[in-house]
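Colleague:
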Amino acid sequence: MSKLSFAFFGATNYSKELLLFLLEKNIIPKVIFSIPKEFNISYSKEKVKNINYANLKELADKYNISYYEIDSVDGKRTKDYEPIIKELNLDLILVLGWYYMLSKSTRELTKYGAWGIHASLLPKYAGGAPLNWAIINGEKETGVTLFRMEDGVDDGDIIAQKSFTIEYEDTIKEVYLKATIASKEILNQVLSNIKEVKFKSQDKSKIETYPQRNPSDGEIDLTKTSEEIYNFIRAQSNPYPGAFIKTVDGKRLIIEKVRIE
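Sequential numbering from 50 applies to the sequence shown in the working numbering.
1) In the DSSP assignment, the alpha helix (DSSP H) including Ala292 goes from what residue to what residue?
2) Going by the beta-carbon positions, is the gap between Trp147 and Gly162 smaller than 8 Å?
3) Within the continuous alpha helix (DSSP H) that includes Gln238, where are the two ends?
4) In angstroms with no decimal places, state the Cα-to-Cα distance between Ile215 and Ser169.
5) Let me confirm a value: Pro78 is counted as buried when at least 16 other C-beta atoms fall within 10 Å, else exposed. Which label applies?
6) Please name the residue or residues paired with Pro87 in a DSSP beta bridge.
7) Report yes if the C-beta distance between Gly205 and Gln261 is below 8 Å; otherwise report no.
8) Quick one: Cα of Trp182 to Cα of Val307, how far?
9) Applying the 10 Å Cβ sphere with the 16-neighbour rule, what's the burial state of Asp110?
10) Three-state secondary structure (DSSP) at Gly176?
11) If you follow the beta strand (DSSP E) that Thr194 is in, where does it begin and where does it stop?
12) At the level of alpha carbons, what is the spacing between Leu180 and Tyr225?
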C-alpha cells in the first residue's frame with residue numbers, strides 16, 4: 050500500500066484530516082494540489098471564500114512533498130499543471146475536499162484515473178453541500194461514496210460506500226465528523242486492495258444534484274414549520290457561517306442552536 054504513487058487534491062479541513070491519516074500510514078503522495086482560501090469559480094462573479102479552508106502547504110513542507118495551488122485563472126488552472134502530473138507517472142489522483150471539475154485530459158494521465166469521495170450515498174445528494182442539504186431535508190441517514198470521476202457532477206462509477214446515521218440532535222459538526230471517519234475507513238479498505246477494485250455504474254436517471262450554498266442562503270424562513278427551522282439551523286451551525294434572521298436595522302442575528310418545546 051505504501052508503494053501507491055498518487056497526487057492528492059484537497060483544500061478543506063476534511064482534506065487535511067484524510068491527508069494526515071494517509072501520511073500516518075506512510076501512504077505519501079508525490080504531489081499535493083490545493084486551492085487558496087479565496088478563489089475564483091464559475092458560479093460566482095466575485096471570489097469565493099473557503100470557510101473550511103486548511104493550509105496543506107504546512108504538511109507538504111513537513112514531508113518534503115511538492116505543492117501547487119490551483120485557481121480558475123490563466124496559468125493556475127488544473128490543465129496548466131498537466132505536464133507535471135504526466136511526468137510523475139502516477140497510479141492515481143485522489144480528490145478529497147475539492148471545488149473544481151477535473152477534465153478528462155487530467156484524469157487520463159494516471160493508471161486508475163481520478164477518484165473522489167463525495168459526502169452522500171450517491172446517486173442521492175450529488176453536487177454541492179451534500180451534508181448540509183441532508184440535514185436541512187431531515188434525513189436520518191447518509192454516508193460517503195468513493196467513486197471514479199467522469200465528466201458529469203458526481204456521476205462516475207461507484208467503488209465503495211459507507212453509511213451512517215444522522216441523529217436528531219446532530220449538528221453539521223457531528224455529521225461532518227462521521228463523514229470523515231467513514232472516509233478514512235473506505236480509504237483504508239480500498240487502497241490496501243486497489244488491484245481488486247470493482248466499479249459499479251450509477252443509474253444517471255436517479256442522480257439528485259443539489260446546488261452549492263453560500264452564507265446568504267442561511268436566512269431563516271419563519272413561515273416554515275418548527276421542525277424545518279430546527280433542521281435548517283443545525284445544518285449550518287459552527288463551523289459554518291450559521292443560519293440567521295435579519296433585525297429591524299438590517300443586521301444579521303445568527304441562531305446557533307434551538308430546541309423544539
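For each residue, glycine too, the CB sits at the ideal point set by N, CA and C.
Nothing here was measured: the structure is a model prediction, and the numbers come from that model.
Modeller: Per the coordinate set shown:
1) Looking at the DSSP string, Ala292 is not in any alpha helix (DSSP H); the run it does join, the beta strand (DSSP E), is Ala292 to Lys295.
2) no
3) Ile221 to Leu240
4) 12 Å
5) buried
6) Checking the sequence, you will find Glu at residue 87 rather than Pro. Paired residues: Lys98.
7) no
8) 18 Å
9) exposed
10) strand
11) Glu190 to Arg197
12) 7 Å
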